[in-house]
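First residue of the sequence shown: 1254, per our numbering; consecutive thereafter.
C-beta atoms are modelled at their ideal positions from N, C-alpha and C, and glycine is treated no differently.
All values reported here derive from a predicted model rather than from experimental measurement.
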Amino acid sequence: MGLLRRLPLVIMQKNKNAMKKTFLILLIIIALFTRAQNTIEKQYGDTVDCLGINVIQTFDNGFLITASKNPVNQYEDDLFIIKTNQIGDTLWTKTISLESGIISKGIQTFDSGYVFTGRADTSLFLLKVSSSGESLWTKTYNFGATYSLGLSIIESSDHNLFVVGENFIGTDVCCTPLVIKTDVSGNMLGTINLPYAEYGRAYDIVETPDSNFVISYSSINLGPPTPKLAKVNKNGSVIWYNSYNNYCECNVNLTHDNGFIISGLQINTNKPYLIKTDSAGNVTWNKNSSDYNVFNYNLKVAQSNDDGYSMVGGLNDSISDLILLKVNSLGDSIWGRVYGGSGNDFGNSIIATYDNGFAIVGYTTSFGSAFKEVYFLKTDSLGLITSLHKYQIGEPLIKIFPNPFSYSTTLQISTNLNNLTLSLLNSFGQEVKQFKNINGYSFTFIRDNLPSGIYFLRLSQKNELIAIKKIVIIDN
């Protein structure tokens, strides 16, 4: 009888243990699927040149790529839309013919549809498709200029559309800034005049947390463009205005501290140029990335979860390689990575993704096609992808052996370096160990109590990155 009384307790305890194991496994599965950083390298093409212009992450965690098809010649592009799932597999594509088209940007709207802007013939266009790519409406606008062009577009919190760009009026004075406001169906609600901008362009627009708007634009008066920011309310009244003492055609992003990062290509140096401001547009710092000879007409940046900034373009060499540059929160260079192959590769757009990685789109001629193809990359937070061809600029030869390992591994460096810092990062980019004042040609790393998995060894000297290497720790 005593055994029979205890038996239910034993069964209950076993059930509890089984439930605990099941719950633990479930937590591991959830962690893997919710925190893992997918990496992608894909090309999308046709029998004509195709160039990726802009990328966004969609509500379903997939991606929408705004691209151009060039069946005739430059400045006569058709709109090429690519919708993918979160691992880059194509869900649908759509090509929309435009007369003398220029493609600028696409966004997702609150109803899960997509709106695009650019130029068709002499008019700025807005064009909307449904979540499955069905055409819904097209609007064109011309304001008495040689042509009108939309460069950037946002949907406001009250679901109106704001478009910025230019009215081209002639080669002598070029253009005038253009800012228009429409309703959700593209019907005109008005235009906004920017201060001290008789001639120039409007490049970009963001909505601020107080439901106002900041616009980046330039003034051009028979000379290089001078970057400016203006904050306006929904009716176009100017709240504040600032001009900056340099030359660039600059975009703007809202930063985590509710300030702004202005980014573009510095006209006089042909270098990536950043201006960080506070929430009132006052300069906190400005930097150019003098370590890299990069070119990109409109350099847009993405802010990462560590408050640094990443930007893409092309590495100006005998042929172009797509380049991803990372700077810290003060604008100092941390690392640069190049992607692609033996052909020309170029980056036009970058965003920070929901998993703290980056999505990049541009074009490539490196993967066997006779034409330019849309080049799409999804990296982790360190700028790495599993199918990377080449990923570190100016990296010394470093060997790690053994790798994978269970107890220890040794780094061998081709040159004698002093006062090095070695940081161990987990797969989410978080530092879990650090070793300082390393000298010489080699260093032995001991696992200690680290769990098995994928890690990255980050080698730096005086806060300047030297290399990042992937290591794998396994159990015996």
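Q. Is Leu1482 near Ile1520, with beta carbons less than 8 Å apart?
A. No, these two residues do not count as a Cβ contact at 8 Å.
Q. Would you say Thr1319 touches the ligand NAP, meaning its beta carbon is less than 7 Å from a heavy atom?
A. Absent from the structure shown: the ligand NAP. Ligands present: none.
Q.
Between the region 1335–1349 and the region 1411–1429, can you find at least three pairs of beta-carbon atoms closer than 8 Å?
A. No, the region 1411–1429 is not in contact with the region 1335–1349.
Q. Roughly how many angstroms separate the alpha carbons of Thr1319 and Pro1462, rounded to a whole number?
A. Their backbone Cα atoms lie some 27 Å apart in a straight line.
Q: Would you list the residues sitting across from Val1614 in a DSSP beta bridge?
A: In DSSP, Val1614 forms a bridge with Ser1602 and Phe1629.
Q: On a CA-only basis, which of Asp1574, Pro1655, Lys1358 and Val1432 is nearest Met1441? Give me that one, please.
A: Nearest of Asp1574, Pro1655, Lys1358 and Val1432 to Met1441, Cα basis: Val1432.
Q) What does DSSP give as the partner residues of Ala1730 in its beta bridges? A) It is not possible to answer for residue 1730, since the shown part of the chain is limited to 1254 through 1729.
Q.
Between Asp1608, Leu1635, Ile1707 and Met1564, which has its C-alpha nearest Gly1600's C-alpha?
A. Considering only alpha carbons, the answer is Met1564.
Q) Can you name, in chain order, every residue of its own chain whose Cβ lies under 7 Å from the Cβ of Trp1538, other than the five neighbours on each side? A) Only Lys1529, Leu1583 and Gly1584 meet the Cβ criterion.
Q. Apart from the five residues on each side of it in sequence, which residues of its chain come closer than 6 Å, Cβ to Cβ, to Lys1273?
A. With a pLDDT of only 46 at Lys1273, under 50, the local geometry of the prediction cannot be trusted, and no value is derived from it.
Q: Could you pull out every unbroken beta strand (DSSP E) segment of at least 3 residues lying fully inside the region 1355–1443, listed in chain order?
A: Those beta strand (DSSP E) runs which fall completely within the region 1355–1443 and span 3+ residues are 1355–1361, 1367–1373, 1376–1382, 1388–1394, 1400–1408, 1414–1423 and 1427–1435.
Q.
I'd like to confirm the pairing. Which residues does DSSP put opposite Ile1653 in its beta bridges?
A. Ile1653 is bridged to Leu1664.
Q) Are the region 1610–1628 and the region 1686–1699 in contact at 8 Å, needing three or more beta carbon pairs? A) Counting Cβ pairs under 8 Å, fewer than three are found: no touch.
Q | Cβ separation of Gln1310 and Ile1613, assumed to be a contact under 8 Å, to the nearest whole Å | A | Going by Cβ atoms, the distance from Gln1310 to Ile1613 rounds to 12 Å, so no, they are not a contact pair.
Q: Report buried or exposed for Lys1484, applying the criterion of at least 16 other Cβ atoms within 10 angstroms of its Cβ.
A: By the neighbour-count rule (16 or more Cβ atoms within 10 Å), Lys1484 is buried.
Q) For the putative contact between Leu1552 and Pro1525, defined by C-beta atoms under 8 Å, what is the C-beta separation to the nearest angstrom? A) Right, their Cβ atoms sit about 6 Å apart.
Q: Have a look at Ile1383 and Phe1369 and give me their C-alpha separation to the nearest angstrom.
A: Position check: residue 1383 holds Ser in this sequence, whereas Ile was assumed. Looking at the two C-alpha atoms, the distance is approximately 12 Å.
Q. Is Val1491 buried or exposed, if buried means 16 or more other CB atoms sit within 10 Å of its CB?
A. Val1491 comes out exposed.
(Q) Given this structure, state the Cα-to-Cα distance separating Leu1710 from Asn1541, to the nearest angstrom. (A) Cα to Cα, the separation comes out at about 28 Å.
Q | Helix, strand or coil at Gln1310 according to DSSP, with G and I counted as helix | A | Gln1310: strand per DSSP, three-state reduction.
Q: Please list, in chain order, all residues of the same chain as Leu1257 whose beta carbon is under 8 Å from its beta carbon, the five residues on each side excluded.
A: At Leu1257 the pLDDT is 38, less than 50, meaning the model places this residue with poor confidence; the figure from the coordinates comes in the next sentence. Nothing listed; no residue qualifies.
(Q) Closest to Gly1517 by C-alpha separation, out of Leu1332, Tyr1456 and Arg1590, would be which residue? (A) Gly1517 has its Cα closest to that of Tyr1456, out of Leu1332, Tyr1456 and Arg1590.
Q: Sort Ser1357, Asp1299, Asn1495 and Gly1561 by Cα distance to Ser1471 and report the nearest one.
A: Closest by alpha carbon: Asn1495.
**Q.** Separation of Ser1634 from Gly1567, as counted between CA atoms
**A.** Taking the straight line from one Cα to the other gives about 20 Å.
**Q.** Whole-Å CB distance - Ile1349 paired with Asp1331, under 8 Å assumed
**A.** The Cβ separation is near 6 Å, so the contact holds.
Q) Sorted by chain position, which residues of the same chain lie with C-beta nearer than 8 Å to Thr1429's C-beta, five sequence neighbours on each side aside? A) Here the set comprises Ala1398, Glu1419, Asn1420, Ile1422, Ala1450, Glu1451, Tyr1452 and Gly1453.
Q. What span of residues does the beta strand (DSSP E) with Thr1639 cover, start to end?
A. Per DSSP, Thr1639 is not a residue of any beta strand (DSSP E), being assigned neither H nor E.
Q. For Tyr1367, which option in Thr1662, His1412, Ser1469 and Leu1578 has the closest C-alpha, if you only look at C-alpha atoms?
A. From the listed residues Thr1662, His1412, Ser1469 and Leu1578, the smallest Cα separation to Tyr1367 is found for His1412.
Q) What's the gap between the Cα of Glu1352 and the Cα of Gly1615? A) Here the alpha carbons of Gly1615 and Glu1352 stand approximately 23 Å from one another.
Q: Give the DSSP-derived three-state secondary structure of Arg1590 in the structure shown.
A: Of the three classes helix, strand and coil, the one that applies to Arg1590 here is strand, per DSSP.
Q: Report the partner residues of Val1536 according to the DSSP bridge assignment.
A: Per DSSP, Thr1530.
Q. Does DSSP classify Glu1502 as helix, strand or coil?
A. Strand, per DSSP.
Q.
By the three-class DSSP mapping on this structure, what secondary structure does Asn1597 have?
A. Reduced to three states, the DSSP call for Asn1597 is coil.
(Q) Measuring straight from C-alpha to C-alpha, what distance separates Leu1379 and Ser1365? (A) In a straight line, the C-alpha of Leu1379 is about 16 Å away from that of Ser1365.
Q | CB contact flag (Gly1315, Thr1337, <8 Å) | A | Less than 8 Å divides the Cβ of Gly1315 from the Cβ of Thr1337.
Q: Return the bridge partner residues of Val1580 from the DSSP annotation.
A: In DSSP, Val1580 forms a bridge with Tyr1562 and Ser1586.
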